[in-house]
Amino acid sequence: FPNTQAELVHQRAGYGFLGNLVRMTKPIKSRYYLRKCLNSEKAAYLLSKPIDLVMRLHSRENYYRRSKILSGEIVSTFDSRFDELWARASSRYVLIGERESGYLNWRYTSSPHQNYSIFALAQKGSGTLIGYIVFYLTANKVHIADLLALDLDDTLDCLLSEFLLFQQEKGVESVSIVYLGSEVLTRRLEEYRFSVRDNGAKVIVYADPDSPLLADVCDKDNWYILEGDKDL
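So in my numbering, spot 74 of the sequence shown is number 79, and the numbers just go up one at a time.
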């Protein structure tokens, strides 16, 4: 994740451009956006009611049939269940950063830079995790720092739906995520009415030209990079 000056140095050393981190945002409450456009608290309040209703009618999570065997909860720390999830899920991603409990606790639970929360989705009874989302709030806006699901199909649907319904109940204004990687996750987020807001940091990579891994490393679709993977 180089700054402008460092990028030139890295290019000379043989690094190649992988892509830009992209921020995708899903509005939950329209009042904040209307207030900025109309410059009127009263008008924003009145117009937000029908607009919020329309947004809910077009939100995939509101048509999700909650599972009788899954439960979402806020947990305070990363325990051995997260190691078990990592052992099961890691092989399903081509290039992904470390996500064992020791690292996660260091990166998020013990972070002096941000107050992170952990939303975990687990099977009732056994407590087995099938996914989690690490997030933080700024001015009633939710920012997803890390997300790991057992797969990017049905499990991801359950995780996103439960998390978004949880945030609806909290009355947050929006949920956003920063991502670079396979279009599979991007398309799934778009189904949940996330849209691209801006491009963030550049990501560059290096692999020896003679390495058999060169093509894999230089293909952004093989990567899974979220905000929590950025340099501290």
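Positions of the beta carbon are idealized from the N, C-alpha and C atoms, including for glycine.
These figures come from a predicted structure and were not determined experimentally.
- Ser187 is not bridged by DSSP to any residue.
- Following the DSSP letters along the chain, one finds Arg71 in no alpha helix (DSSP H), marked with neither H nor E.
- Ile79 and Ile123 have their C-alpha atoms spaced approximately 6 Å apart.
- Residues of the same chain with a CB within less than 7 Å of the CB of Gly19, apart from the 5 flanking positions on each side, are Tyr211 in chain order.
- Around the Cβ of Trp111, a 10 Å sphere holds fewer than 16 other Cβ atoms; the residue is exposed.
- Contact annotation: the region 215 to 227 touches the region 89 to 104, with at least three C-beta pairs closer than 8 Å.
- About 6 Å separates the beta carbons of Ile33 and Ser179, which is inside the 8 Å limit, making them a contact pair.
- Of the candidates Gly186, Asp236 and Leu218, Gly186 places its Cα closest to the Cα of Asp226.
- Here Lys175 is exposed: its Cβ has fewer than 16 other Cβ atoms, across all protein chains shown, within 10 Å.
- No Cβ-Cβ contact shorter than 8 Å links Leu155 with Ile182.
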